[in-house]
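Asks:
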Amino acid sequence: MNWRQIHTVYRKELTDTLRDRRSLISMFVVPIVLIPALMFGMFAMTYKSVRKAYEEIPTVMLVGGAESPRLREELAANKRIKLAPYADDYATQIENKQLRAAIEAPDDFDAILASGAKAPVVTICSYAGDMRSGAAADEVARFLSAYLEKVVRRRLAEQELPENFHRPFLVRRKNVAPPEKVGGAQVGGLIPYLLILLSFTGAMYSALDLTAGEKERGTMETILCSPVGRTELVLGKFLMVLTASLVTVVCSLASLGATAVVAVRMLAGEVAAAGGAAAGGGAAAAGGGLPMTVSLPGVLGVCALVVPLAVLFSAVLFSVALCAKNYKEAQSYVSPLIFVIILPAALAMLPGVELNATYAMVPLMNVALVSKEMVSGNFPAGMIALIFGSTCVYAAAALAIAVRMFKKESVIFRA
Amino acid sequence: MQKAMIVAQNLSKIFHDKKRGEIRAVDDVSFSVGPGCIHGLLGANGAGKTTALRMLATLLAPTSGTASVAGFDVVREPEKVRANVGFMATSTALYGRLTARETLVYFGRLNGLADAEIAARIGRLSAELGMDAFLDRRVDKFSTGMKQKVSIARTLIHDPAVMIFDEPTIGLDVMAARSIVRFIRGCRERGKTVVYSTHVMSEVEKLCDRVGIVHGGKLLAEGSVPELRERYGEQDMEEIFMRVVGEGNDDAGNNDTTNNDATNNGAANNGGGNSDAENDDATSNSVANNDAANEVANERDGVR
Numbered sequence: 007m008n009w010r011q012i013h014t015v016y017r018k019e020l021t022d023t024l025r026d027r028r029s030l031i032s033m034f035v036v037p038i039v040l041i042p043a044l045m046f047g048m049f050a051m052t053y054k055s056v057r058k059a060y061e062e063i064p065t066v067m068l069v070g071g072a073e074s075p076r077l078r079e080e081l082a083a084n085k086r087i088k089l090a091p092y093a094d095d096y097a098t099q100i101e102n103k104q105l106r107a108a109i110e111a112p113d114d115f116d117a118i119l120a121s122g123a124k125a126p127v128v129t130i131c132s133y134a135g136d137m138r139s140g141a142a143a144d145e146v147a148r149f150l151s152a153y154l155e156k157v158v159r160r161r162l163a164e165q166e167l168p169e170n171f172h173r174p175f176l177v178r179r180k181n182v183a184p185p186e187k188v189g190g191a192q193v194g195g196l197i198p199y200l201l202i203l204l205s206f207t208g209a210m211y212s213a214l215d216l217t218a219g220e221k222e223r224g225t226m227e228t229i230l231c232s233p234v235g236r237t238e239l240v241l242g243k244f245l246m247v248l249t250a251s252l253v254t255v256v257c258s259l260a261s262l263g264a265t266a267v268v269a270v271r272m273l274a275g276e277v278a279a280a281g282g283a284a285a286g287g288g289a290a291a292a293g294g295g296l297p298m299t300v301s302l303p304g305v306l307g308v309c310a311l312v313v314p315l316a317v318l319f320s321a322v323l324f325s326v327a328l329c330a331k332n333y334k335e336a337q338s339y340v341s342p343l344i345f346v347i348i349l350p351a352a353l354a355m356l357p358g359v360e361l362n363a364t365y366a367m368v369p370l371m372n373v374a375l376v377s378k379e380m381v382s383g384n385f386p387a388g389m390i391a392l393i394f395g396s397t398c399v400y401a402a403a404a405l406a407i408a409v410r411m412f413k414k415e416s417v418i419f420r421a
Numbered sequence: 004m005q006k007a008m009i010v011a012q013n014l015s016k017i018f019h020d021k022k023r024g025e026i027r028a029v030d031d032v033s034f035s036v037g038p039g040c041i042h043g044l045l046g047a048n049g050a051g052k053t054t055a056l057r058m059l060a061t062l063l064a065p066t067s068g069t070a071s072v073a074g075f076d077v078v079r080e081p082e083k084v085r086a087n088v089g090f091m092a093t094s095t096a097l098y099g100r101l102t103a104r105e106t107l108v109y110f111g112r113l114n115g116l117a118d119a120e121i122a123a124r125i126g127r128l129s130a131e132l133g134m135d136a137f138l139d140r141r142v143d144k145f146s147t148g149m150k151q152k153v154s155i156a157r158t159l160i161h162d163p164a165v166m167i168f169d170e171p172t173i174g175l176d177v178m179a180a181r182s183i184v185r186f187i188r189g190c191r192e193r194g195k196t197v198v199y200s201t202h203v204m205s206e207v208e209k210l211c212d213r214v215g216i217v218h219g220g221k222l223l224a225e226g227s228v229p230e231l232r233e234r235y236g237e238q239d240m241e242e243i244f245m246r247v248v249g250e251g252n253d254d255a256g257n258n259d260t261t262n263n264d265a266t267n268n269g270a271a272n273n274g275g276g277n278s279d280a281e282n283d284d285a286t287s288n289s290v291a292n293n294d295a296a297n298e299v300a301n302e303r304d305g306v307r
């Protein structure tokens, strides 16, 4: 192995890459600007629309209850609900979003309630899947349970029974998971998923440019007729592809981290003000409710695992792109690979999919699964070693294939 | 007799094509070139010239037969062969995003030269080729002529003993083609051994110490220009070529899959007249096949 040659090839490819606008976009602009902007934009939009849905005073219709003025009065007195006049087509109105929800109650609701003989049935009508309708139904349910509580308290008072007569004991819930476990469970899947995807896309452009791109520009034959060894040439080029992949990962991590800090600061205040524990979405979870962090050693551990994975990706992409005659052809070979990458990474994100010895041998999925654990602060040493080892073996095999491919005439001089 | 710098012995290259089956791009070719000689390979597009030269430059491995360049075997010591060869073809482009100087430094380093040595050689080559004005500019902005100069400097940076040119004048205008011809002649003056392929007859007459006529992968005739003239009783190289290849065969059996220069413009026929084919130094250091039969049996013994 001639290290000087490898170094010479690597340095040349680095210079070449840093002068290529397309490479710079793929290595720096996309991870630093585009991805955080997209993520932040997505979170901000989700958060905003959720908050809006819960802040809105919903228009609700009372269906029935014609001879029940008390129910009507109670409803009218609630400031969080706007009562609409009765119409036959309330279901259609909910569907058309003119109405958020409806309350179906018997006409003689008041009378049945007063008699105490049997319980009248009240139905909340909402449009499943529509967030605003759901928020309205929640509001109506809150109103009804408050009303129910009021009736119960009155009845207890009439019977001179203690206030907690119907509640012999109280139930509470308490979270014992440390903050990073909560955070790990929520974003633990997302971080490795992103890193896997980014290390792949980071390597992609470079791998194409250094193989098929070079064939297309006619420089492949020029370099092949120099005395550089084929293995040295592949390794020099491969190191450049790996560099591109890792630079993309580091840039995105740094920029995502910075975005997260800013986003949490910006949103935390608002969430607290809105008291929006009810609001879903990552942004709200990051700000309000539970204090949430991810394990820093965990994130560093994930980064360490991404290195052999990036080697694997770089070598695979290099081999695949090398088979193509030109850039366009290489793109059509490489693009479907993204789906091959996404699937195991996405599977690992599913709740309930846990690391075991079998999954530990599945490339990609193993890294994604163990990353989820590490981000939550669990470090299963045996598994980590097994996964690191197996990924290194896959990476070495892919690299060996890349070298072999480069030595094949039918690949390099494909007509 | 000096030892031959290039020896090809029963060299063959077979490609396998799904549609056309087995293609004998180079078929049992033997020849040798002595030091300081210019050896031309004359043939139509697809005759097998590119494949033959690529085998000598170790870009392709022979299917059978052997070849050695500067005493190194092309299969066993390809890196040593390449260290002694400057190879230039239409398919050897330059890196557009590097400057001329960076290109030369890169190839110098790959050839194992020290940086000081590279700098000195760049200085010499740049002065010689008139590259000073654009040495530190990026190649992608260069004109064809400027690129050509850089390419020439690239092949010379490691001062190789053997130069291999594959159709170096194809697609060039008269001026550029002339400068290439001058450059090739200059290589001989510096004692370099040159093999080059072309389909331009006038170039062969002007330049070559020896000529091999290649057709359908086979070397059909070989000798110095005067020898060939005498053997075929024709003065004009084109007539000789047609006699060798066979008049009825002018559709040219295109069976070379690797020939990627589709442009069949017999570029730059620099007008006749100045054919300076005074090949008096044709010291027959490669074993000529002196059987004058125009259907050549390929029992060339090539080397001594």
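Chains as they are written, first to last, in our numbering: chain S, 7 to 421; chain G, 4 to 307.
Even for Gly, the Cβ is constructed at its ideal location relative to N, Cα and C.
#1: Any beta carbon of chain S sitting closer than 9 Å to that of Y235 of chain G?
#2: I want to verify the contact list: residues of chain S whose CB lies under 9 Å from the CB of N114 of chain G, in sequence order.
#3: Please name the residue, chosen from G:M58, G:T54, G:G46, G:I125, that lies closest to S205 of chain G on a Cα-to-Cα basis.
#4: Looking at C-alpha atoms only, which residue of G:A156, G:F110, G:P38, G:Y109 is the closest neighbour of I183 of chain G?
#5: Is the distance from the Cβ of L62 of chain G to the Cβ of V72 of chain G below 9 Å?
#6: Kindly list the residues whose CB is nearer than 8 Å to the CB of A93 of chain S, restricted to its own chain and excluding five residues on each side of it in sequence; keep chain order.
#7: Just to confirm the assignment, what range does the beta strand (DSSP E) spanning C211 of chain G have?
#8: Based on Cα-Cα distance, which residue from S:V69, S:L40, S:T14 lies nearest to R112 of chain G?
#9: Under 9 Å between C-beta atoms, does H161 of chain G make it to chain S?
#10: Could you check where the alpha helix (DSSP H) with S121 of chain S kicks off and where it finishes?
#11: Please list the segments of the alpha helix (DSSP H) lying wholly inside the region 290-344 of chain S, counting only runs of 4 or more residues, in order along the chain.
#12: Do the region 132-140 of chain G and the region 162-174 of chain G make contact, defined as three or more Cβ pairs closer than 8 Å?
#13: If we cut at 9 Å on Cβ distances, does E415 of chain S have a partner in chain G?
#14: Whose C-beta lies closer than 6 Å to the C-beta of I418 of chain S among residues of the same chain, with five residues either side of it excluded?
#15: If we ignore side chains and look at the alpha-carbon of each, how far apart do I174 of chain G and T93 of chain G end up?
#16: What are the boundary residues of the beta strand (DSSP E) that T30 of chain G is part of?
#17: Report buried or exposed for M178 of chain G, applying the criterion of at least 16 other Cβ atoms within 10 angstroms of its Cβ.
#18: Do T65 of chain S and K88 of chain S have their C-beta atoms within less than 9 Å of each other?
#19: What's the gap between the Cα of G215 of chain G and the Cα of K52 of chain G?
#20: Of all the residues that make up the region 60-90 of chain G, which are near chain S by a beta-carbon distance shorter than 9 Å?
#21: With a threshold of 16 other CB atoms inside 10 Å of the CB of I31 of chain S, please say whether the residue is buried or exposed.
#22: Could you work out which residue in S:V182, S:G122, S:L40 is closest to L162 of chain S when comparing CA atoms only?
#23: Since Q11 of chain S meets chain G, which of its residues come closer than 7 Å, beta carbon to beta carbon?
#24: Residue range of the beta strand (DSSP E) that N181 of chain S falls in?
#25: Exposed or buried, what is L81 of chain S when buried is set at 16 or more other beta-carbons lying within 10 Å of its beta-carbon?
#26: Pick out whichever of S:T129, S:A363, S:R57 has its Cα sitting closest to the Cα of T138 of chain S.
#27: Output the distance between the C-alpha atoms of V253 of chain S and T129 of chain S, rounded to the nearest integer angstrom.
#28: Please report the Cβ distance between S33 of chain G and L14 of chain G, rounded to the nearest whole angstrom; I am assuming they are in contact, meaning their Cβ atoms lie under 8 Å.
#29: Rounded to a whole number of angstroms, what is the C-alpha to C-alpha distance between L210 of chain G and S154 of chain G?
#30: Which residues bound the alpha helix (DSSP H) around Q11 of chain S?
#31: Can you name the start and end residues of the alpha helix (DSSP H) that T196 of chain G belongs to?
#32: Contact criterion: CB-CB distance below 9 Å. Does V182 of chain S meet it with respect to chain G?
#33: Span of the beta strand (DSSP E) holding N3 of chain G?
#34: Could you work out which residue in S:G219, S:Y211, S:L311 is closest to L392 of chain S when comparing CA atoms only?
#35: Would you identify the three-state DSSP class for F149 of chain S, choosing helix, strand or coil?
#36: Beta carbons nearer than 8 Å to chain G: which residues of the region 213-227 of chain S have them?
Replies: Well, looking at it:
#1: As a working mapping, residue 235 of chain G is identified with position 232 in the second sequence. With 9 Å as the cut-off, Y235 of chain G does not count as an interface residue toward chain S.
#2: Here residue 114 of chain G refers to the residue found at position 111 of the second sequence. Result: S232, P233, V234.
#3: Within the second sequence, residue 205 of chain G is the residue found at index 202, counting from 1. Of the candidates G:M58, G:T54, G:G46, G:I125, the one whose C-alpha sits nearest the C-alpha of S205 of chain G is G:G46.
#4: On the second sequence, residue 183 of chain G is found 180 positions in, with the first residue counted as 1. Answer by Cα proximity: G:A156.
#5: Along the second sequence, read from residue 1 onward, the residue named residue 62 of chain G stands at position 59. Along the second sequence, read from residue 1 onward, the residue named residue 72 of chain G stands at position 69. Going by C-beta atoms, L62 of chain G is not nearer than 9 Å to V72 of chain G.
#6: Within the first sequence, numbered from 1, the residue matching residue 93 of chain S stands at position 87. Excluding residues within five positions, the ones whose Cβ falls inside 8 Å are M67, Q99.
#7: For the purposes of this step, residue 211 of chain G is taken as residue 208 along the second sequence, with counting starting at 1. Taken as a continuous stretch (DSSP letters only), C211 of chain G belongs to no beta strand (DSSP E), as it is neither H nor E.
#8: Residue mapping note: residue 112 of chain G aligns to position 109 of the second sequence, counting from 1. Out of S:V69, S:L40, S:T14, S:T14 has the C-alpha closest to the C-alpha of R112 of chain G.
#9: The count along the second sequence starts at 1 and reaches residue 161 of chain G at position 158. Interface residue, yes.
#10: If you number the first sequence from 1, residue 121 of chain S lands on position 115. Segment 115-121, the alpha helix (DSSP H) holding S121 of chain S.
#11: 302-328
#12: no
#13: Within the first sequence, numbered from 1, the residue matching residue 415 of chain S stands at position 409. It does; some Cβ of chain G falls within 9 Å.
#14: Numbered from 1 along the first sequence, position 412 holds the residue referred to as residue 418 of chain S. Cβ within range, chain order: n/a, list empty.
#15: Along the second sequence, read from residue 1 onward, the residue named residue 174 of chain G stands at position 171. Along the second sequence, read from residue 1 onward, the residue named residue 93 of chain G stands at position 90. It is Gly, not Ile, that sits at residue 174 of chain G in the sequence shown. Spanning the two alpha carbons is a distance of roughly 9 Å.
#16: Looking up residue 30 of chain G in the second sequence gives position 27. Inspection of the sequence shows that residue 30 of chain G is occupied by Asp rather than by Thr. Taken as a continuous stretch (DSSP letters only), the beta strand (DSSP E) holding D30 of chain G covers 24-36.
#17: Within the second sequence, the letter at position 175 stands for residue 178 of chain G. Its Cβ having fewer than 16 others within 10 Å, M178 of chain G is exposed.
#18: Along the first sequence, one-based indexing puts residue 65 of chain S at 59. Along the first sequence, one-based indexing puts residue 88 of chain S at 82. In contact: T65 of chain S and K88 of chain S (Cβ atoms closer than 9 Å).
#19: Your numbering for residue 215 of chain G matches position 212 in the second sequence. Your numbering for residue 52 of chain G matches position 49 in the second sequence. Roughly 10 Å separates the two Cα atoms.
#20: A60, T61, L62, L63, A64, P81, E82, K83, V84, R85, A86, N87, V88, G89, F90
#21: To locate residue 31 of chain S, count along the first sequence from 1; it is residue 25. I31 of chain S should be labelled exposed.
#22: In the first sequence, the residue the question calls residue 162 of chain S occupies position 156. Here the closest residue by C-alpha is S:G122.
#23: Locating residue 11 of chain S in the first sequence gives position 5, where the first residue counts as 1. Neighbours of Q11 of chain S on chain G, chain order: L113.
#24: Counted from its first residue, the first sequence places residue 181 of chain S at position 175. First-last for N181 of chain S: undefined, no H or E at that position.
#25: What you label residue 81 of chain S is simply residue 75 of the first sequence in a count that begins at 1. Looking at its Cβ environment, which holds 16 or more other Cβ atoms inside 10 Å, L81 of chain S is buried.
#26: To locate residue 138 of chain S, count along the first sequence from 1; it is residue 132. It is Arg, not Thr, that sits at residue 138 of chain S in the sequence shown. That would be S:R57, whose Cα lies nearest to the Cα of R138 of chain S.
#27: Position 247 of the first sequence, counted from the first residue, corresponds to residue 253 of chain S. Position 123 of the first sequence, counted from the first residue, corresponds to residue 129 of chain S. So the two alpha carbons sit approximately 57 Å from each other.
#28: Walking along the second sequence from the start, residue 33 of chain G turns up at place 30. Walking along the second sequence from the start, residue 14 of chain G turns up at place 11. Contact holds; Cβ gap of about 7 Å.
#29: Mapped onto the second sequence, residue 210 of chain G falls at position 207. Mapped onto the second sequence, residue 154 of chain G falls at position 151. So the two alpha carbons sit approximately 20 Å from each other.
#30: Stepping through the first sequence from its first residue, residue 11 of chain S is reached at position 5. It spans 9-24 - the alpha helix (DSSP H) in which Q11 of chain S sits, taken as one unbroken run.
#31: Along the second sequence, read from residue 1 onward, the residue named residue 196 of chain G stands at position 193. No alpha helix (DSSP H) holds T196 of chain G; the beta strand (DSSP E) holding it covers 196-201.
#32: Position 176 of the first sequence holds residue 182 of chain S. Chain G contact via Cβ: absent.
#33: This structure leaves residue 3 of chain G out entirely; chain G is present only between 4 and 307.
#34: Here residue 392 of chain S corresponds to residue number 386 of the first sequence, with the count starting at 1. Taking only the C-alpha atoms, the option nearest L392 of chain S is S:L311.
#35: Here residue 149 of chain S refers to the residue found at position 143 of the first sequence. DSSP places F149 of chain S in helix when its eight states are reduced to three.
#36: R223, G224, T225, E227
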